[in-house]
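With the numbering used here, the residue at position 169 of the sequence shown is 1055, and numbering never jumps.
The C-beta atom is built at its ideal place from N, Cα and C for all residues, glycine as well.
None of the values given here were measured: they were computed from a predicted structure.
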Amino acid sequence: MPIATLSALSPKHLGRRVLTSGGIYPLVRRRALRGDPVTVLMYHTLGGDDEDFDAWTVVRQSDFRAQMRWLQRHYDIVSLDEAWEHACGHGAAERPKAVITFDDGHSGLHRYLLPLLDELRLPVTLYVATGHIVTGRPYWFDRIMNALQVRHRILLDLSRFGLPVFGVEPGVGEGRWQTLGPVLEALKTLDPAVREAAVDAAEEQLRPARRDDFDALAPLSLAQLQEIARCPWVTIGAHTECHSLLDQLSPDAAQASMELSARRLRDWTGAKVRHFAYPNGNHNAELMARARDAGFDTALTTRKGLWRRGDSAFSVARVPVGRYDDLARFKLNLLANAWRH
């Protein structure tokens, strides 16, 4: 790497480059992957390279392509069905296996992911929450992320909902995301009905400062979903109808939402819907049992780690990937999460 390029890197970036280059990284990776675990990567959606949409969930298309090219050199990227067979103890792997998953069902999957699948020969699993496709209205977390894209500083006062007053700054980048994340985490603590009212109030307060130079997060249309589902590289999984935090619902309501999403997806696409992902990863023993009762073969969480043989198929760990993960951090996260469980 040229000296000028190295000098422009922050100490953190430089440290990641050093740790993930040279001979030490392959040695550590081999140790981390003893026992043939499956590495399940969790994405949400992709965005354009020239768009400054400041959300961890929106990965630039070029970054995703670079990550997949590197992954294909070192892993076999397989379908979730194949990974499930492997995790059940059927067969040994010559190379480590990885699975690519996307949660929610955003329109960016149609615009930016679908054109890459044939090019990269890339199997993916898309977990689709069906309610926002029915209504065309984004879920609360996408609405608030759209609203938080502002041109100038503004105060967001949610005190009447028992939440703090937040200062929302303009700009983009990982540092700014550290100030936006607490807004989402605070909203998650509210009762679902109260949360909807709080997000409505937030949208109204933030509207005078909101930017309009980006493609807002939006759900897939039914036609877009059906086109994606016809792609031979795609497995469709369920992600509930409501995208509520399921441990905030009754077990019966949670299972009903699981089953409704699977039924809609089967009716819309004709696909078998064998796999499920918990919204926000929230799960417990009761919800694991309900996912099994709903007829799924697997249920994926947001718990960080690898899917090792002997793990429950209804509490599968994943490795999250977001907008601020350059290739060096991506490679490092694959190892950092190997020892989590």
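Backbone secondary structure at residue i - three-state DSSP
i: residue 1074; result: helix
i: residue 992; result: strand
i: residue 1161; result: strand
i: residue 962; result: strand
i: residue 975; result: coil
i: residue 1187; result: strand
i: residue 894; result: At residue 894 the pLDDT is 46, less than 50, meaning the model places this residue with poor confidence; the figure from the coordinates comes in the next sentence. Coil at residue 894, not helix or strand.
i: residue 881; result: The question about residue 881 has no answer here: the residues shown for the chain are numbered 887 through 1227.
i: residue 888; result: Low confidence applies here, because residue 888 scores a pLDDT of 38, under 50, leaving its location unreliable and the question unanswered by this model.
i: residue 1123; result: strand
i: residue 951; result: helix
i: residue 931; result: strand
i: residue 984; result: strand
i: residue 956; result: helix
i: residue 1016; result: coil
i: residue 912; result: helix
i: residue 1009; result: coil
i: residue 943; result: coil
i: residue 1001; result: helix
i: residue 1215; result: helix
i: residue 1178; result: helix
i: residue 1096; result: strand
i: residue 1137; result: helix
Residue burial classification, residue i (beta-carbon count within 10 angstroms, cutoff 16)
i: residue 1159; result: buried
i: residue 941; result: buried
i: residue 1170; result: exposed
i: residue 1035; result: buried
i: residue 1209; result: buried
i: residue 1030; result: buried
i: residue 1064; result: exposed
i: residue 1075; result: exposed
i: residue 890; result: Only weak support exists for where residue 890 lies, its pLDDT of 36 falling under 50; the coordinates are left without a value.
i: residue 974; result: exposed
i: residue 894; result: Residue placement at residue 894 is poorly supported in this model, since its pLDDT is 46, which falls under 50; the coordinates still yield a value, given next. Flag for residue 894 reads exposed.
i: residue 1136; result: exposed
i: residue 1204; result: buried
i: residue 910; result: exposed
i: residue 1202; result: buried
i: residue 1109; result: exposed
For residue i, the nearest candidate out of the options (CA to CA)
i: residue 922; options: 1201, 1218, 1196; result: 1196
i: residue 1099; options: 1005, 939, 1086, 1066; result: 939
i: residue 1149; options: 954, 1180, 1109; result: 1180
i: residue 1053; options: 1095, 953, 1112, 1083; result: 1095
i: residue 1122; options: 1205, 1013, 1133, 1108; result: 1013
i: residue 981; options: 1025, 966, 1089, 957; result: 957
i: residue 988; options: 1188, 1141, 1020; result: 1188
i: residue 934; options: 926, 949, 924; result: 949
i: residue 1067; options: 966, 943, 947; result: 943
i: residue 1020; options: 1139, 1077, 1104; result: 1104
i: residue 912; options: 947, 936, 960, 924; result: 960
i: residue 1101; options: 984, 971, 1051, 992; result: 992
i: residue 1147; options: 1138, 1125, 1219; result: 1125
i: residue 1145; options: 1056, 1023, 1212, 1017; result: 1017
i: residue 1152; options: 1213, 945, 1015; result: 1015
i: residue 1006; options: 967, 1039, 952, 1070; result: 952
i: residue 963; options: 926, 1127, 930; result: 926
i: residue 967; options: 1222, 1213, 1211, 1199; result: 1199
CB-CB length for residue i against residue j, believed under 8 angstroms
i: residue 1115; j: residue 1163; result: 16 angstroms between Cβ atoms; not a contact.
i: residue 1008; j: residue 954; result: 6 angstroms
i: residue 1155; j: residue 1111; result: 7 angstroms
i: residue 1183; j: residue 1161; result: 6 angstroms
i: residue 1080; j: residue 1047; result: 6 angstroms
i: residue 932; j: residue 998; result: 4 angstroms
i: residue 1190; j: residue 1206; result: 7 angstroms
i: residue 1033; j: residue 1089; result: 5 angstroms
i: residue 1141; j: residue 1176; result: 4 angstroms
i: residue 924; j: residue 985; result: 6 angstroms
i: residue 1093; j: residue 1037; result: Not really, about 11 angstroms apart at Cβ, beyond 8 angstroms.
i: residue 1130; j: residue 1078; result: 6 angstroms
i: residue 1128; j: residue 1143; result: 5 angstroms
Beta carbon proximity, residue i to chain D, threshold 8 angstroms
i: residue 1193; result: In the structure shown, chain D cannot be found, because there is only a single protein chain.
Margin query: Threshold first: 3 residues or longer. Then list the beta strand (DSSP E) segments lying entirely within the stretch 1020-1075, N to C.
Written below: 1040-1043, 1051-1054
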